[in-house]
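**Student:** Chains as they are written, first to last, in my numbering: chain A, 41 to 418; chain B, 41 to 418.
Written out as structure tokens, the structure is:
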């Protein structure tokens, strides 16, 4: 049980919105030399550095020894002047302006769609390669929408060092987590239909939503009326349809992202996807129940083998001890977990599978995926 | 927001396992005369009266003015001797024995499958009609499995007063809540396949699980290691695959109940159902994401009309204000709520619909449904 408590403490430090101070990591023992600050490496900018994903960008950059010669911390005017300590150096958060991108090779954006729409093209004009975590450009023709384990070829030809700016979009968190597990199966036996129900964490709505979930939980336990500033409803001990706008077809935007982004990432306009997206009172990792229909048979043992050998994926599928993926277990982890792998009894033969997937929304669902994209630019 | 706080307070009184003391209700004003204690009415027994569902049996009996001439409060030896005040009278909890059913017309059982298997047949031999909330007899040929709004005809001929005992099974909570919404549609345009993902409350695992969820939540908020007596894992701010045993086909028992009970209740051995059952940190109401495939087209406007006119169902489907069913809203309510009614974009024409259903697990998922069955016996 100790592991749970550690993870609990981890997310609490995020939950309260404290700036994390990633220092040199010691994965290989205390004598490991940190390699990330290098003169010939690219110059970086992090846009939205004070947000939940922005903070995770820094954490992942440090964890992965991402090489850089400089890093600029950018945020709104309101956050400008805040101090951030990162890899033994102190930085001041600067206000994002049109001039912020002069001399920047790679900019990691996570400051919302309107900021991306305004400043993304400016950065590209200055020769910066923008990896954008917002939905602003995901469905724009010509903008690669990339999960590095799934469709790295979509960004072929985009490299740091030729002075050319470019936009690359990070898919939505629920799409990334779903396709990390569905794609290896799809590559083996084409998926023709997918029915997804999500169990989405507070973090997808930002650090303020995580704080509100904790505040509300305190209040409800004390018998007080819960504070409902973010979602206008009780979130503690409750769940609700995803808070994104509902479109004329009755799907909300989050659901249609799963439908449309899957088609673009798989480069398959015929794949049929439906989704129901639900917000549950979990802090920072999403879960998804995914029902798959295959063009050709795929039995569950073969599927399990495929998933066990897939990059970025861990199989947790212990039926005897009822041990399957949970959001808490994958919190702060890079890997997406998949389990409950079984033949769908409602489909003929081996044409269907049910699986259950969990992934950290802030990490693989956002920051890690973006930085994996950036690594491919080097 | 006041309504949420009231509901919150309601479930807290259950949460702590206190015996509720339903008094005369005043739905029609303070002068209403309580009609339930009547000389010519049946004699009742409640088996498992100190449990979460047992307590709800009493609450629903009182709410619905269920007529009775006597009521026997039965539980295990451990609980015998406890005092219960019900409708202005005091009762002592008696130990359940083979002799408990002498002279009892109707017994409401909710004490687990093994108690039902042991004492159900004994009660029937004594001429008692048993309405059993356990899974013990649900799939036994000849035992009606009944949702009164769905298949009342299954219990035709079973009546109080002819001295004949009988067994009637209450379906599983997740089956009841799903079929309350799916059946009216199925009656209009046959459902040929259903893909269900559940979001199940603590209450399904009993009052102790509800207490543990609350205790764990306190502990986690205080940074303490959570107490994991019931589920052997952290439940607070987490979710996990349903705790029932996993069968050789990879489905857990809860999921196969949805598959098999649907076929029996609909009297349709061909309906194809798959389910993924997940426990979420919610107290007493289940939610279910249900994807339906129809034999013949059924458009969403027609579906909404059908659901609006269905008994025991309330439609909450306000796209403009993003207002859809939530478990908290249906907690302590009789009606099952349905919303997110929309044409499934992954199916051709109008052959598919997605819906989202919420229902109180203890009430319509267990106690209310059983007492509605008992009402049909009168």
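Backbone N, C-alpha and C fix where the C-beta goes; we use that ideal spot for every residue, glycine too. Quantities reported herein were computed from a predicted structural model and do not represent experimental measurements.
1) Could you spell out the range, first to last residue, of the beta strand (DSSP E) harbouring residue 112(B)?
2) Please identify, using Cβ separations under 8 Å, the residues of the segment 215-244 of chain B that lie next to chain A, in order along the chain.
3) Leaving out the 5 sequence neighbours to the left and right, which residues in its chain are closer than 8 Å to residue 253(A) when beta-carbon positions are compared?
4) Taking a cut of 8 Å between CB atoms, which residues from the segment 334-355 of chain A lie near chain B?
5) Quick check on residue 165(A): does DSSP put it in helix, strand or coil?
6) So which residues of chain B does residue 382(A) contact, with C-beta pairs closer than 8 Å?
7) Please confirm if residue 155(B) has its CB atom under 8 Å from at least one CB of chain A.
8) Is it true that the CB of residue 205(B) sits closer than 8 Å to the CB of residue 164(B)?
9) Does the CB of residue 362(A) have a neighbour CB from chain B at under 8 Å?
10) Rounded to the nearest angstrom, what separates residue 286(A) and residue 81(A) at their Cα positions?
11) In three-state DSSP terms, what is residue 223(A)?
12) Since I believe residue 96(B) is in contact with residue 352(B) (beta carbons under 8 Å), could you give me their beta-carbon distance rounded to a whole number of angstroms?
13) Would you check if the distance between the CB atom of residue 199(B) and the CB atom of residue 417(B) is smaller than 8 Å?
14) On the CB-based measure, 16 or more other CB atoms within 10 Å of its CB, does residue 70(B) come out buried or exposed?
15) Could you give the distance in angstroms between the alpha-carbon of residue 220(B) and the alpha-carbon of residue 176(B)?
16) Name, going along the chain, the residues of the segment 366-393 of chain B whose beta-carbon falls closer than 8 Å to a beta-carbon of chain A.
17) Looking at C-alpha atoms only, which residue of 215(A), 92(A), 383(A) and 270(A) is the closest neighbour of residue 305(A)?
18) Run through chain A and tell me which residues come within less than 8 Å of residue 254(B), C-beta to C-beta.
19) Could you give the distance in angstroms between the alpha-carbon of residue 410(B) and the alpha-carbon of residue 171(B)?
20) In this structure, does DSSP put residue 328(A) in helix, strand or coil?
21) Report the rounded CA-to-CA distance for residue 344(B) versus residue 158(B), giving the unit in angstroms.
22) Using only CA atoms, which one of 291(B), 127(B), 399(B) and 93(B) lies nearest to residue 15(B)?
23) Kindly list, in the order they appear in chain A, the residues whose Cβ is closer than 7 Å to that of residue 423(B).
24) Under a three-way DSSP split, which group does residue 235(A) fall into?
25) Residue range of the alpha helix (DSSP H) that residue 141(B) falls in?
26) The segment 311-330 of chain A: which residues have C-beta closer than 8 Å to a C-beta of chain B, in chain order?
27) Which same chain residues, not among the five before or five after residue 405(B), have their C-beta less than 7 Å away from its C-beta?
28) I want to see whether chain A comes within less than 8 Å of residue 359(B), judged by CB atoms only; does it?
29) Between 361(A), 366(A), 301(A) and 338(A), which lies nearest to residue 329(A) when the distance is taken from Cα to Cα?
30) From residue 63(B) to residue 140(B), what does the alpha carbon distance come to, in whole angstroms?
31) Which residues in chain B sit within 9 Å of residue 397(A), going by Cβ to Cβ distance?
32) Excluding the 5 residues flanking residue 283(B) on each side, which residues of the same chain have their C-beta closer than 7 Å to its C-beta?
33) Per DSSP, what kind of secondary structure is residue 260(A) in: helix, strand or coil?
34) What residues from chain A crowd round residue 286(B), counting only those whose CB sits closer than 7 Å?
35) Please classify residue 399(A): does DSSP put it in a helix, a strand, or coil?
36) Using a Cβ-Cβ distance under 8 Å, would residue 309(B) count as near chain A?
**Tutor:** So, to answer that:
1) Residues 110-115.
2) Listed by position along the chain: 233, 234, 235, 237 and 239.
3) Spatial neighbours of residue 253(A) in its own chain (CB-CB distance under 8 Å, excluding positions within 5 residues in sequence) are listed in chain order as 242, 275, 276, 321 and 323.
4) 340
5) It is helical.
6) Within chain B, the residues near residue 382(A) are 289, 290 and 291.
7) no
8) yes
9) yes
10) 44 Å
11) helix
12) Their Cβ separation, rounded to whole angstroms, is 16 Å, which puts residue 352(B) and residue 96(B) out of contact at 8 Å.
13) yes
14) With a pLDDT of 41 at residue 70(B), under the threshold of 50, the predicted position of this residue should be treated as unreliable, though the coordinate-derived value follows. Answer is exposed; the Cβ neighbour count stays below 16.
15) 22 Å
16) 366, 367, 368, 379, 380, 381, 382, 383, 384, 385, 386, 387 and 392
17) 215(A)
18) 261
19) 6 Å
20) Correct three-state label for residue 328(A): strand.
21) 44 Å
22) Since the first and last residues shown for chain B are 41 and 418, residue 15(B) lies out of range.
23) Because chain B here runs from 41 to 418, residue 423(B) falls outside it and cannot be looked at.
24) strand
25) Taken as a continuous stretch (DSSP letters only), residue 141(B) belongs to no alpha helix (DSSP H), as it is neither H nor E.
26) So the close ones are 312, 313, 314, 316, 318, 320, 321, 322, 323, 327 and 329.
27) 213, 216, 217, 326 and 399
28) At least one C-beta of chain A is nearer than 8 Å to the C-beta of residue 359(B).
29) 366(A)
30) Unreliable positioning characterises residue 63(B) in this predicted model, as indicated by a pLDDT of 37, which lies under 50. A coordinate reading is not provided.
31) Within chain B, not a single residue places a beta-carbon under 9 Å from that of residue 397(A); the smallest gap is close to 11 Å.
32) 245, 271 and 319
33) helix
34) Contact of residue 286(B) with chain A by beta-carbon distance below 7 Å involves 359 and 362.
35) Of the three classes helix, strand and coil, the one that applies to residue 399(A) here is strand, per DSSP.
36) no
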